[in-house]
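Okay, structure first, notes after.
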Amino acid sequence: MSDMEAIADRFEIEALRAEITDAVMMRDFDRVASLFTPDGAMRWPHIDKEFLGREEIRAGIEWGQGLWEFFVQNVHPGIIRLDGDTATGRAYVQEFGRMRDGSSHLNYALYHDHYQRTPDGWKFSERVYEVRYLDSTQLAGSRPLQRQGLAPEV
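What follows is the structure in structure tokens.
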């Protein structure tokens, strides 16, 4: 693999990671599922949940997002290790928000990723979420009022 091919692969994988963060934040569950291989897996060991295949991944993300009154996820790039048509990587995550039951949630976590080159570009073949720090202290802030035309209602 040439240096230029490796640079292009890394760029495409970073774009994939940005795309999934945007899809989750915009609650576009179909788009989230489309970013996985057909037999891909999403695993959340901290709550003993596993979603296998695009249909389960879509349903799992929708279920998880349905628990939140509001949710913010910040993802920071981590390492990518290329190996031909596969790759592994990590991304670093901070999430916070308020659950519909009134509880608050702040965490720092990692995604442990496996990627697969497909005819449609790089896709996730597996994404495992590892929570490293959790704080359930009540958040002092609140979701702002929605101003007409600026943000979609959830």
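Letter 85 of the sequence shown, counting from 1, is numbered 85 in full-length UniProt numbering, and no numbers are missing. Ideal Cβ positions, reconstructed from N, Cα and C, are used throughout, including at glycine. Given the structure is predicted, the values throughout are model-derived calculations rather than measurements.
May I ask you to report which of helix, strand or coil DSSP gives residue 45? helix
From the DSSP output, in three-state form, read off residue 138 for me. coil
Could you tell me how far apart the beta carbons of residue 54 and residue 36 are, in whole angstroms, since I believe they sit closer than 8 angstroms? 6 angstroms
Residue 124 classed as buried or exposed, judged by whether at least 16 other C-beta atoms fall within 10 angstroms: buried
Using a Cβ-Cβ cut-off of 7 angstroms (strictly less than) and excluding sequence neighbours within five positions of residue 78, which residues of its own chain qualify? 89, 90, 91, 92
Cα separation between residue 119 and residue 16? 14 angstroms
So, for residue 41: in the same chain, excluding its five sequence neighbours on each side, which residues have a beta-carbon less than 6 angstroms away from its beta-carbon? 52, 126
Proximity below 7 angstroms, CB of residue 57 to CB of residue 18: no
In or out: residue 61 buried (at least 16 other Cβ within 10 Å) or exposed? buried
Residue 69 and residue 25 look like a contact to me (Cβ under 8 angstroms); what is the Cβ gap, rounded to whole Å? Incorrect: roughly 15 angstroms between the Cβ atoms, too far for contact.
Exposed or buried, residue 5, counting other C-beta atoms within 10 Å across all chains shown (16 or more means buried)? exposed
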